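Q:
In the numbering used here, the protein residues as written are 198 to 298.
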């Protein structure tokens, strides 16, 4: 199983030129599984569901690539989301025309 860090290159909408973002995509076995920032101490942010073993292996390989100890953060599981909290109204849900200038 191979882990790669691929620079995140995007298009600047103002200049229409390619621009490197301050992060790299983490690919594992050819699939994008997360990203990591370029700043020292950045953590791998997994964007897909993986087993704890796979996350540990990927994090270890990223640490080897960067020559620095690396930690990770998991994406929240949808199983843990309470559907009731998604339907609760918030005062911020309303559009207030007085906010327009």
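Ideal Cβ placement from N, Cα and C applies to all residues, glycine included.
What you are looking at is a predicted structure, and each value in this text was computed from that prediction instead of being measured.
Across which residues does DSSP place residue 268 in a beta bridge pair?
A: Its beta-bridge partners do not exist; DSSP assigns none.
Q: Let's test the definition: count the other Cβ atoms within 10 Å of the Cβ of residue 259 and tell me whether it reaches 16, buried, or not, exposed.
A: Under this definition residue 259 is a buried residue.
Q: Quick check on this structure: which residue in 215, 268, 271 and 262 has the alpha carbon closest to the alpha carbon of residue 201?
A: The candidate whose alpha carbon is nearest that of residue 201 is 262.
Q: Smallest Cα separation from residue 206: which of 222, 199 and 198?
A: Of 222, 199 and 198, the residue nearest in Cα terms is 222.
Q: Please classify residue 227 as buried or exposed, where buried requires at least 16 other C-beta atoms within 10 Å of its C-beta.
A: Exposed, since its Cβ has fewer than 16 Cβ neighbours within 10 Å.
Q: If we ignore side chains and look at the alpha-carbon of each, how far apart do residue 271 and residue 244 end up?
A: Going by the C-alpha atoms only, they are around 7 Å apart.
Q: Mapping the DSSP letters down to three states, classify residue 263 as helix, strand or coil.
A: If DSSP states are grouped into helix, strand and coil, residue 263 belongs with the helices.
Q: Residues in the same chain with beta-carbon distance under 6 Å from residue 204, minus the five sequence neighbours each way, listed in chain order, please.
A: Closer than 6 Å at the Cβ level, and outside the excluded window around residue 204, lie 217 and 221.
Q: Helix, strand or coil: how does DSSP classify residue 160 here?
A: Nothing can be reported for residue 160, as the shown portion of the chain is limited to 198 through 298.
Q: What residue range is occupied by the uninterrupted beta strand (DSSP E) comprising residue 231?
A: Element bounds for residue 231: 228-234.
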